[in-house]
Structures are given as C-alpha cells and as structure tokens.
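Down below is the structure, laid out as structure tokens.
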Amino acid sequence: MVVAARADPAVLLAQVVRPRTLMLLVSSVALAATVTAISVVLGVGAAWLVERSALPGRRVWGVLAALPLAIPSYVAAFSWISAVPGIAGFPGAVVVLSLSCFPYVYLPTAAALRRLDPAMEEASRSLGIGAVATFWRVTVPQLRPAVAAGALLVSLYTLSDFGAVSILRYDTFTRVIFTSFNASFDRTPAVVLSGVLVLVTAVIVLAEARTRGRARYSRLGSGAARVASRIPLGGMRIPAYCALGVLAGASLGLPLATMAYWLSIGRSGEFDLPRIIAAVGGSVVLAGGGAVVTMLLALPVGLLAARYTGRIPGLLERATYLGHAVPAIVIALSLVFFTVRYAIGVYLSIPLVLFAYAVLFLPLAVGAVRASAAQSPPVFEEVARSLGRAPRQVLRTITLPLAAPGIAAGTALVFLAAMKELTATLVLHPTGMDTLAIQLWSETSTRSYAAAAPYAALLMLVSVIPTYLLGRDRRRSGGPADPVPTGVLA
Amino acid sequence: MSALSVSGVDKSFGGTTVLRELSLDVAEGTIAAVLGPSGCGKTTLLRIIAGFEAPDAGEIRIGGRTVASHTVRVSPERRAIGFVPQEGALFPHLSVRGNVAYGLGRSGQRAARVLEVLDLVGLAHLKERMPHELSGGQQQRVAVARALAPRPALVLLDEPFSSLDAGLRTEVRDVVRTALRADGATAVLVTHDQEEALSTADLVAVMQHGRIVQAADPVTVYRAPRDLDVAAFVGDAVRVAATFAGGFADTEVGRLALREPGPPDGVGVALIRPEQFVVVDRNGGPAPETDFGPAVAASAGPQSFLGHDALLAVSLTSGAVITARALDPGPAGERAVWLSVRGPVNGFAHEKQD
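Protein chains in written order, with the numbering used here: chain S, 1 to 490; chain U, 1 to 354.
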C-alpha cells in the first residue's frame with residue numbers, strides 16, 4: 001500500500017482499469033463462487049446424512065467428511081494434476097478446492113444439527129406441518145448462521161489460495177500477484193492487484209457480517225435436551241452410500257493413492273535424501289520459531305481477552321484476526337516492500353518469516369490461550385488472592401498452570417500450521433533455505449511428480465496430527481469443535 | 001473488639017444501588033450469617049469485605065485494621081481472610097494437600113497445619129486425592145480447610161452449602177460449623193436459606209434491599225423479628241388483624257399474650273408462627289379453655305404431610321384461612337376443630353407500606 005501511495009495516480013488508475021485486472025476479477029470471483037456453492041451442497045448434504053439420517057456407519061462417515069481438511073490444498077492439487085494432467089485450469093481448481101473446502105461447511109452445519117432441539121421440529125409437526133415443510137421452515141433457518149459461516153470460510157480460502165491454483169495453472173489474483181512480483185522489478189502491478197484482492201475480501205466479510213446480524217434471532221440455545229430421532233432412508237440408502245463413498249474417494253482416496261503410486265515409482269533414486277532432510281530441518285526451524293514467537297505475542301492478548309471484557313481488549317483481540325482475513329500473499333508482499341524500503345537488513349531473513357507466521361497464525365494462538373484461560377473461572381484467582389498470594393504469584397501458580405495444556409496445544413497447532421504454510425514462506429524464505437512446502441511446490445512446477453511425492457507424504461503426515469487432536473478434543477468435551485481453528489489447516 | 005466492622009458502606013453498579021449505608025459488626029469467634037433473598041446484595045457485601053470489589057463509600061475494618069475506606073484499599077492478599085466460594089473452587093491442578101497448603105508459607109509447621117485443618121473437617125485420609133476424585137461435600141470441606149489453614153482473622157463463606165443436596169447439606173454444615181468453632185475462627189457466611197442461617201450462626205443479620213435490617217442471635221430474630229418483612233423472611237408466619245390493649249392482642253383466633261416490648265395500644269397485626277397453633281377435634285363438648293379465654297371454632301381442611309410433621313389449612317369463621325403446623329395431621333378431609341394459640345405472639349402497630 002505504501003508503494004501504491006507513492007506511485008503516480010494516473011499509472012495506478014491505468015493499472016486498475018486494465019482489461020487484465022477485470023478478467024482476473026471475473027476469474028477469481030467465478031472460482032470463489034463456484035467452489036462456495038459446491039462446498040455448501042456437499043457440506044450440508046453430508047452433514048444431514050451423517051447427523052439426521054439412519055445411515056449405518058455414521059461415525060466413520062463423520063470422520064471421513066472432516067478429514068479432507070488434513071490435506072493441504074496444494075498437496076491435493078499435486079495429486080490431481082499428477083494423476084489427471086488434463087484437469088489443469090478452471091475445472092481442476094474447482095474440483096480440488098471444493099473437495100478441500102467442503103468440510104468448512106460440513107463441520108459447523110453438523111454441529112448445528114447436533115445442537116438443534118428436536119422439540120422445535122416436533123412442535124412444528126404437532127401444529128400440522130409436514131416433515132419436508134418443517135425442514136424448510138424450522139430446520140433450515142436455524143442452520144443458516146452455521147452454513148453462512150462455513151461458506152464465508154470457503155470463499156475467503158478460495159480467494160486467498162495460492163498453492164493449489166498455481167499448481168493447477170489457473171490464473172487468479174494470488175497467482176498473478178506472485179508471478180508479476182517475481183518477474184519484474186516494477187512492483188506496481190502486484191501492489192494494485194493486492195489492493196483489489198483485499199477489497200474483494202473485505203466486501204465478502206462485510207456481506208457475511210450483515211447476514212449474520214439479521215440471522216441472530218435464530219442463534220441456537222445451549223443444547224438439545226435429547227438426541228433427535230433419525231430419519232430412515234428406505235430406498236435412498238444405496239444412493240446415499242454411493243454419494244458419500246464417491247465424496248470420500250475423491251477427497252481422500254485419490255490423493256492417497258496418487259501419492260502411494262509416485263512413492264513406489266520413484267523409489268529408484270529420484271529421492272534425494274540429503275535434500276529431504278534439509279527441507280525437514282528448514283521446516284522445523286521456521287515453524288518452531290514461528291510457533292514460539294506467535295505464542296509469546298498471543299499470551300498477553302489471550303489472557304486479557306479471557307479476563308476482561310472491554311473496548312480495548314476486544315479491539316486488540318479483533319485486530320489479531322485481521323491476519324486471518326487478509327490473504328497470505330498480500331501480507332508477504334507488504335512485508336517485502338516494507339523491509340526493502342525501511343529494513344533491508346531483515347529482508348529474506350528468518351526473523352521476517354517468523355514475523356509473517358505470527359501475523360498469519362496469531363488468531364489461532366490467541367483463540368487457544370483465550371479458551372484455555374476461560375476454562376479456569378476467575379474465582380480460582382480470587383481464592384488464591386484471599387490466601388495471601390500477590391497477583392503475579394497467582395498468575396504463576398494458578399492461571400498459567402491451568403492454561404498450560406491449552407497453551408501447549410495452541411503452540412503445537414501453530415507449529416503444524418506453519419509447517420504447511422506455502423505462500424509467505426515461498427516469498428520470504430532466506431535464499432538457500434528450503435522447507436517441505438517449498439520443495440513440493442518447486443518439484444511440482446517442473447512436473448517432477450515422483451520427486452515431489454516424499455514431500456507431499458511428509459506434509460500430509462504433519463497435517464493429520466492436528467485434525468486428529470481436534471477430533472479427539474471434540475469427542476472428549478462432547479461438544480462440537482469450533483470450526484475456526486481448522487481454518488489454518490491450509 | 002470486633003473482628004469485622006462494616007460501617008456505612010455504599011455500592012452501586014452502573015445505575016443500580018446494591019448496598020446502601022450498610023453496617024455490620026461481628027465479634028471475634030462468632031459465626032455470623034448474612035441472610036437475605038437472592039439479589040439483595042449479600043454476595044456483593046462478601047466480595048467487598050474480601051477486597052475483590054471496592055466500596056463507593058464507608059469503611060471496613062478487619063481485626064481493628066482499616067482495610068477499605070475512601071483513602072485506604074488493602075488488596076485481598078493482605079487482608080488475612082479466608083474465602084470459601086459457592087462451589088468450593090478447589091484448584092484442579094493441585095492435590096487436596098496442595099490446595100490446603102497453598103496459602104501457607106514455607107515454614108516447617110506447614111505439613112502439620114495441613115493435617116490439622118484436614119482433621120478438623122475429617123478428611124485427613126484423602127490428602128493425596130485430586131479434587132475431581134472427591135464428592136461435592138468433600139470438596140466443600142476441603143475448601144473450608146484451605147481457607148482455615150493460614151489462620152485468617154476472618155473466614156468468608158459464599159452460600160457454601162447451596163450446591164449440595166439436602167441430606168448432605170446438613171451433614172457438611174455440621175462438620176464445617178464444628179471445624180470453625182474448633183479453630184476459634186470468626187466467620188461470615190451468606191445464605192438465602194433461613195434454616196441454614198438459624199442453625200449454623202451465632203449472629204443472624206437479615207439483609208433486605210441493600211441494608212442489614214436486623215442483626216441478632218437466631219432465637220431473637222425468629223421470635224422477635226423487627227418487622228413483618230423480617231418475620232416472614234426468617235420463617236412461616238401467619239398474620240391476623242388485632243386490637244392491642246394492655247399487653248394483649250384481641251384477634252379472630254382469641255385473646256393472645258403479646259411479647260415484650262409490645263406495640264402501643266391500638267389496631268395492628270399479630271404475627272403467629274404456625275407451630276404456635278393448637279388444633280383439637282371438636283366432639284360436641286364445650287370449647288377448651290386456654291390461658292386467656294376459650295378456643296375458637298374452626299374447620300381443618302387440606303393438609304400437606306411433611307413426614308416429621310404436617311401443615312394444616314384451617315378455615316376460620318370469617319372465611320380467612322391460616323396455616324397450622326401439627327405433629328399429627330389427623331384424618332384427611334374437612335373436620336370441625338377447636339383452634340387456640342400457645343405462647344406469646346408479636347404485635348406490629350400497622351402494616352408496613354410496600
């Protein structure tokens with residue numbers, strides 16, 4: 001933005017209204033809209049089948065429907081394009097991103113269906129409204145906030161996705177921003193496009209906030225009194241099974257099978273073990289440092305937000321969420337411009353990457369700290385004070401020990417999210433330092449799929465862990481997990 | 001010397017006044033109960049004494065030392081208090097022993113004191129347990145031991161038994177009262193349960209609308225309430241219109257002796273506790289004589305059998321219905337009875353306006 005401000009306004013304007021920009025706008029928005037629509041259909045359908053129909057094996061289907069989040073979309077893109085080269089372009093981008101993103105709709109919708117009080121539907125039925133009409137008039141309105149929240153995540157994710165569209169060679173804002181930044185010394189096009197992208201993102205966020213504001217009346221209560229009865233599928237059972245089977249096969253089976261295929265092909269010497277080890281090392285250093293820096297920044301904000309409700313803690317907390325809404329490519333480029341101009345010493349240095357991770361993953365860490373601090377009610381601290389301990393000792397002996405498991409889990413989540421981060425790492429990493437994500441990206445862009453396979457496999461391994469942890473937490477607490485933390489499984 | 005002295009304390013949140021010029025004195029070694037309906041401000045009072053909230057005006061002294069006034073505000077950890085919150089709030093990451101030792105310094109007597117206070121509440125054998133391995137009653141007893149351990153000048157208990165179920169409540173209450181007494185502690189307990197306040201405390205302070213309206217020993221509060229509101233709050237009460245003259249009240253239920261100091265001669269309301277009524281079956285004979293006149297004819301109707309005794313609805317000839325407590329409810333259904341009153345009653349010159 002700073003660069004934009006210094007440029008000649010006429011040049012800027014010419015850039016903004018170029019036909020190329022308009023085309024990019026159309027292609028990006030078309031992709032986001034298509035992916036969001038398909039994700040809503042897949043997500044709501046799967047949620048209804050798993051939560052409300054009498055489908056056997058629903059527990060397994062529930063896990064399978066959430067699992068695609070564990071596969072970074074650029075890894076999925078790698079498996080699709082290496083298996084079906086012809087899919088490159090719009091169709092590939094739609095398929096890969098929809099299959100990667102539909103759990104963002106599935107998870108909150110399934111949670112909302114679980115929380116729904118069956119008494120409301122029964123009341124509707126007792127008033128003479130049929131089952132189908134009841135679904136549309138009573139159930140759907142109550143699901144709307146959950147579906148809208150999921151759709152927001154999907155569209156933001158699609159707009160800011162860089163890895164999948166690059167690998168699938170479909171030009172959206174993020175891909176063109178990156179190539180124009182890489183290709184020339186004139187950064188103006190990259191900056192202008194970033195500005196338009198941020199604008200589009202802001203429009204979507206605002207639109208969602210408005211629908212949410214109107215939908216608040218349908219916020220769900222604290223919990224259902226009992227479990228809703230499940231609807232038998234009858235003759236539709238086989239088609240339902242097939243639909244879920246195809247979904248799981250396309251979103252999970254194909255990536256796993258492709259990877260296994262390339263791993264078995266490439267065993268004979270394509271694997272460069274020292275390079276793999278170096279990439280693992282690079283990933284661990286950057287992600288580990290990023291996790292520590294992020295958590296140190298998140299601790300005061302999270303504790304403050306959990307303990308005090310007021311304007312300033314609220315603003316502070318919301319400010320950290322900015323990193324979530326702004327595409328990683330924009331954050332990375334702004335850091336590049338800033339350091340080139342004002343702090344050339346840290347340009348392409350490890351601290352800069354760590355800072356970028358902190359900006360990107362602060363919401364995740366703040367959320368973890370806040371949730372775990374909120375679990376210990378303030379009365380513990382009051383009792384500790386009454387027993388003669390000063391506030392600082394109370395923090396050390398009560399607040400932090402109680403929040404420790406949550407803080408540790410939050411740090412681990414940030415670590416794993418940073419391991420998988422591609423965009424900012426690619427733009428900002430020190431020359432000569434490689435990570436798993438960067439290696440996968442560069443091997444795939446030269447179409448050496450067998451050489452890329454070990455990185456893809458390692459990344460998938462890294463990604464499965466937080467998904468497993470989230471699922472376990474959800475089972476343990478009995479409640480639905482907050483869909484937001486999964487937002488970083490990208 | 002008062003262990004606790006609260007004088008003229010005001011507190012409001014936003015525009016809502018919670019406490020107004022509240023004063024209360026608790027002597028050393030006393031267990032005081034602040035009794036009031038929910039929302040009367042009693043928890044706020046406790047939090048102000050503990051130092052979690054600051055009063056808007058007034059002064060609080062603990063053991064003769066001013067801990068809160070318009071110039072002084074001593075932080076909670078320097079007030080030498082013990083605080084027992086509603087649900088115990090044991091630190092979940094510390095064992096029973098760790099919880100009780102939390103407020104103790106590093107002195108050599110620390111282990112001995114932990115055992116001593118755990119013995120007081122009868123839980124020394126559970127010292128290695130974690131809080132989640134204890135029942136609700138045990139958690140509450142450990143919370144009391146934890147508060148007692150540093151020998152605070154004052155122990156504050158916020159509805160400590162309300163989360164326990166009825167049977168357990170009496171048992172835990174007895175253990176806690178015995179422990180507080182054995183340790184010579186001064187305690188303030190807030191509760192909305194009349195029975196709990198009357199049975200546990202040496203001093204019952206009845207709180208209404210942000211003020212202490214009466215503070216006295218339990219018997220006085222029950223037998224000689226300051227006004228009809230207090231009377232109705234500390235126990236069941238039957239109100240009967242009365243004419244007062246010469247130490248007696250003439251009412252629909254006969255002539256009754258008034259408790260000293262009685263109201264001025266004139267009209268007013270006599271307050272009778274349900275257990276003061278005597279109900280006998282009417283079998284055609286003459287009305288039995290009581291101390292001050294014959295019993296009155298009435299009709300006993302529906303009853304609620306409570307196990308240890310029963311409540312009878314008795315209709316008077318005027319149509320008014322009163323509640324009488326009887327050990328033996330007698331046969332169900334309407335029957336003719338004689339009604340009389342045993343012991344002195346309280347008279348109030350005129351009904352309070354509200």
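Cβ coordinates follow ideal geometry from the N, Cα and C atoms, glycine included.
- Between the alpha carbons of G285/U and G254/U lies a distance of about 18 Å.
- Interface with chain U (8 Å Cβ-Cβ cutoff): V383/S is included.
- Bounds of the alpha helix (DSSP H) holding N99/U are 96-101.
- Its Cα nearest to that of D291/U, the residue V278/U stands out among V278/U, L24/U, V321/U, V267/U.
- For P286/U, the secondary structure class from DSSP, reduced to helix, strand or coil, is coil.
- When CB distances to chain S are screened at a threshold of 8 Å, not a single residue of the region 305-316 of chain U falls below it.
- Residue environment for L436/S: buried (at least 16 other C-beta atoms within 10 angstroms of its C-beta).
- Identification of residues in the region 398-413 of chain S having a C-beta nearer than 9 Å to some C-beta of chain U yields I398, P401, L402, A404, given in sequence order.
- Identification of residues in the region 44-60 of chain U having a C-beta nearer than 9 Å to some C-beta of chain S yields R47, A50, G51, F52, given in sequence order.
- Contiguous alpha helix (DSSP H) elements confined to the region 352-414 of chain S occur at 378-386, 391-394, taking only those with 4 or more residues.
- Secondary structure of A453/S (DSSP, three-state): helix.
- Only those residues of the region 68-84 of chain U whose C-beta falls short of 9 Å from the nearest C-beta of chain S are listed: S75, P76, E77, R78, R79, A80, I81, G82, F83, V84.
- P430/S is the residue among F102/S, P430/S, L49/S, L233/S whose C-alpha sits nearest the C-alpha of V346/S.
- Beta bridge pairing from DSSP links V9/U with L22/U.
- Note on L296/S: under 16 other CB atoms within 10 angstroms of its CB, so exposed under the neighbour-count rule.
- The C-alpha of I31/U lies about 16 Å from the C-alpha of V172/U.
- Counting the other Cβ atoms within 10 Å of the Cβ of S38/U gives fewer than 16, which makes it exposed.
- Not a single C-beta of chain S is nearer than 8 Å to the C-beta of G210/U.
- Between V427/S and V326/S, the CB-CB gap reaches or exceeds 8 Å.
- Of all residues in the region 166-187 of chain U, none places a beta-carbon less than 8 Å from a beta-carbon of chain S.
- Beta bridge pairing from DSSP links V155/U with G82/U, A187/U.
- Between the alpha carbons of G347/U and V190/U lies a gap of roughly 29 Å.
- Close to chain S, meaning a Cβ-Cβ distance shorter than 8 Å, are the following residues of the region 97-117 of chain U: Y102, G103.
- Comparing C-alpha distances from R325/U to each of S163/U, P160/U, D309/U shows the shortest one belongs to D309/U.
- Chain-order list of chain U residues neighbouring A390/S: E77, by C-beta distance under 7 Å.
- Looking at the DSSP output, N182/S sits in no beta bridge, so it has no partner there.
- According to the DSSP secondary-structure assignment, W338/U is paired through a beta bridge with V280/U, A297/U.
- Of the other Cβ atoms in all chains shown, 16 or more fall within 10 Å of the Cβ of T294/S; this residue is therefore buried.
- Membership of M207/U in the beta strand (DSSP E) is indicated by the continuous run 203-208.
- For L387/S, the nearest CB of chain U lies under 8 Å from its own CB, placing it at the interface with that chain.
- A270/U is positioned such that its CB atom lies no closer than 8 Å to that of L339/U.
- Per DSSP, reduced to three states, the secondary structure at A131/S is helical.
- Of the candidates F415/S, R18/S, L364/S, R18/S places its Cα closest to the Cα of T188/S.
- Within chain U, the residues P85, A89 have their CB atoms less than 7 Å from the CB of V379/S, given in chain order.
- Contact between V234/U and T323/U is ruled out by a C-beta separation of about 16 Å, above the 8 Å threshold.
- Following the DSSP letters along the chain, one finds D217/U in no beta strand (DSSP E), marked with neither H nor E.
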